[in-house]
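Since the structure comes first, as structure tokens, the remarks are kept for the end.
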Amino acid sequence: MTEQLVFYTNPMSRGRIARWMLEEIGEPYRTEYLEFGTTMKAPDYLSVNPMGKVPAIRHGDTVVTECAAICAYMAEAFPQAGLGPTAVERGSYFRWMFFAAGPMEMAVVNRLLGFEVPPERLRMTGCGSFANVMDTLEQAVTASPYIAGDRFTAADVYVGSHIGYGLNFNTIEKRPAFIDYWSRVSDRDAYRRGNELDNAAMPKQANT
1 MTEQLVFYTN PMSRGRIARW MLEEIGEPYR TEYLEFGTTM KAPDYLSVNP MGKVPAIRHG
61 DTVVTECAAI CAYMAEAFPQ AGLGPTAVER GSYFRWMFFA AGPMEMAVVN RLLGFEVPPE
121 RLRMTGCGSF ANVMDTLEQA VTASPYIAGD RFTAADVYVG SHIGYGLNFN TIEKRPAFID
181 YWSRVSDRDA YRRGNELDNA AMPKQANT
């Protein structure tokens with residue numbers, strides 16, 4: 001019997017990344033919507049994620065939080081979807097997925113908050129400068145059609161989501177390479193299904 005897959009989310013959150021991944025793997029799952037500051041901080045959900053944030057998934061007795069981890073876990077747990085890396089792709093797959101989760105997100109959030117790291121302390125940040133992150137990201141998305149090689153993988157769900165969000169909300173530079181990559185990776189039925197589901201849930205969430 002297949003273990004139950006439960007998805008904890010809010011449509012106005014990074015849960016959209018996990019939703020896209022869930023739609024890609026094509027397995028049945030149950031969605032539990034949570035509200036910021038209330039049900040997300042309630043004891044029931046804190047027993048799932050003590051951070052009190054979404055997304056999270058429960059797969060049988062296994063709980064996974066953090067979007068990069070969710071994407072990597074589901075690719076491995078459901079290999080029939082073909083979203084995990086081959087031996088040749090493995091290095092780039094993990095390299096760029098965690099680049100987006102670490103240096104990229106840190107640099108983007110710092111800039112969004114107006115925090116400028118003094119040049120002499122850039123070595124302490126772990127991400128370097130925003131410009132360096134953008135240049136590195138551009139190299140990553142132009143080295144091959146997809147982030148790990150010639151085919152779409154779970155790393156494209158994660159890296160692509162960051163780029164798509166950044167282009168939409170002007171938190172990253174609108175370089176042609178980013179626009180081209182995002183157009184390529186988002187042209188998928190699973191992405192469109194996930195968006196439709198979350199968009200349909202937003203009015204209900206916004207008015208409660």
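Residue numbers for the sequence shown follow the UniProt record's numbering, beginning at 1 and rising by one. All C-beta atoms, glycine included, are put in the ideal place defined by N, C-alpha and C.
Can you tell me which of the options puts its alpha carbon nearest to the alpha carbon of residue i?
i, options, result
"Y158", "I17, L5 and S13", "I17"
"A201", "E32, M106 and R121", "E32"
"D187", "P118, E24 and M12", "E24"
"G160", "G114, L34 and Y181", "Y181"
"T86", "P28, T136 and T153", "T153"
"V54", "Q139, T9 and V88", "T9"
"Q80", "T136, G26 and V6", "G26"
Who are the Cβ neighbours of residue i in its own chain at under 6 Å, not counting the five residues just before and after it?
i, result
"V64", "I57, I70 and Y73"
"Y191", "W20"
"D156", "Y146, I147 and V185"
"M134", "E173"
"N49", "A56 and T65"
"M97", "A68, A155 and Y158"
What first and last residue would you give for the alpha helix (DSSP H) that runs through residue i?
i, result
"E32", "First-last for E32: R30 to Y33, but that is the beta strand (DSSP E), not the alpha helix (DSSP H)."
"F36", "It is not in any alpha helix (DSSP H) - F36 carries neither H nor E in the DSSP assignment."
"T142", "F130 to T142"
"Y45", "P43 to L46"
"M21", "G15 to I25"
"R123", "L122 to T125"
In chain order, what residues of the same chain have a beta carbon less than 8 Å from the beta carbon of residue i, not counting five sequence neighbours either side?
i, result
"E105", "H162"
What does a CB cutoff of less than 7 Å around residue i pick up in its chain, not counting 5 residues either side in sequence?
i, result
"residue 213", "With the chain covering 1 to 208 only, the question about residue 213 has no answer from this structure."
Considering residue i, what are the terminal residues of the beta strand (DSSP E) in which it resides?
i, result
"Y8", "L5 to T9"
Can you check the segment 58–118 for any beta strand (DSSP E) of at least 3 residues that lies completely inside it and give the ranges in chain order? 62–65
Jot down the residue ranges of each uninterrupted beta strand (DSSP E) in the segment 164–192, minimum 3 residues, whole runs only, in chain order. none
Counting beta carbon pairs with one atom in the segment 122–134 and one in the segment 86–105, are three or more of them shorter than 8 Å? Using a C-beta cut-off of 8 Å, the segment 86–105 makes contact with the segment 122–134, since at least three inter-stretch Cβ pairs fall below that distance.
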